[in-house]
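Q: Take a look at this one; I'll ask things after.
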Amino acid sequence: MVAFDQKRGAWLSVEEVRWDHEEFAVYVWRSVRKKGDTKTVKSRRTLKLPARAVKALRLLREKQDEVRADAVNSPIVGGLVFRIKTGTALTATNVRRDFRKVLKSASLIDREWTPRELRHSFVSLLSDSGVPIEDISRLVGHANTVVTETVYRFQLRPVLLEGAKAMDAIFREHA
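Listed below in structure tokens is the structure:
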């Protein structure tokens, strides 16, 4: 994760510049794929984090720092925010297990969901909020809009709402 350092005018590692910044981003330059690389070179991107995510990450990091300060000979070292109890990086298995716990606590059927569903939800929410499909494609690392539109984007509201809105506007003007 990186933070924008106003003094230096650059994005720098959070480990280097700490959490006392307003803007943060994540590098999406590596993958869980066998060789650790993204699917394509165009998939590589840096995404600025929304303020709500930064706030949640800060709170998580503060709790982790408190636990580390209270523990004698704490094995937790390094700058990982998402990690297992020993401080090492999460594996795909860890992520899926914890994701299922969240789903169960939300009263959702855990076997019907995977972490990948969050990608579909991200695309659908942005699309439904009026973000241009070209921007969404770039955010998720697609080379063009075809896969974004046909595989990832689901309409959250029925398209028929647009017709009703238009008719209301037309008839209001002539009333």
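For the sequence shown, this note's numbering begins at 358 and goes up steadily by one.
C-beta atoms are modelled at their ideal positions from N, C-alpha and C, and glycine is treated no differently.
1) Whole angstroms is fine: what's the gap from T448's alpha carbon to L406's?
2) From the DSSP output, read off the bridge partner residues of A523.
3) What does D362 pair with, by DSSP beta-bridge criteria?
4) I'd like the ranges of any alpha helix (DSSP H) spanning at least 4 consecutive residues and lying wholly in the segment 467-502.
5) Return the first residue and the last residue of the alpha helix (DSSP H) that A446 is part of.
6) Quick check on the DSSP output: the beta strand (DSSP E) that includes L404 runs from which residue to which?
7) Assuming V385 and L369 form a contact by the criterion Cβ under 8 Å, report the distance between their Cβ atoms to the nearest whole angstrom.
8) Going by beta-carbon coordinates alone, are P354 and R453 separated by less than 8 Å?
9) Find out if the Cβ-Cβ distance for the pair T505, V488 is shorter than 8 Å.
10) Taking just the CA atoms, how far does G498 sit from D377?
11) According to DSSP, is R425 part of a helix, a strand, or is it coil?
12) Throw me the rounded Cβ distance for the T507 and S494 pair, which I believe falls under 8 Å.
13) Grouping DSSP H, G and I as helix and E and B as strand, with all else coil, what is V438?
14) Does the beta-carbon of N528 have 16 or more other beta-carbons within 10 angstroms, so that it is buried, or is it exposed?
15) Within this structure, are the beta carbons of W470 and L483 separated by less than 8 Å?
16) Does the Cβ-Cβ distance between V383 and L417 come in under 8 Å?
A: Well, looking at it:
1) Roughly 22 Å separates the two Cα atoms.
2) Its beta-bridge partners do not exist; DSSP assigns none.
3) DSSP output for D362 lists A367 as bridge partner(s).
4) You should have 474-485 and 490-496.
5) Counting along the chain, no alpha helix (DSSP H) covers A446, and no H or E run does either.
6) Counting along the chain, the beta strand (DSSP E) containing L404 begins and ends at R402 to K405.
7) For V385 against L369, the beta-carbon gap comes to about 17 Å, at or over 8 Å, which does not count as contact.
8) The structure shown has nothing for residue 354, since the chain only spans 358 to 532.
9) No, the pair does not count as a contact, with Cβ atoms beyond the cut-off.
10) Cα atoms of D377 and G498: separation of roughly 29 Å, rounded to the nearest angstrom.
11) Here R425 sits in helix by DSSP.
12) That pair is no contact at about 11 Å.
13) In the three-state DSSP reduction, V438 falls in the coil class, being neither helix nor strand.
14) Note that residue 528 is Phe in the sequence shown, not Asn. The residue is exposed, with fewer than 16 neighbouring Cβ atoms inside 10 Å.
15) The answer is no: Cβ separation not under 8 Å.
16) No.
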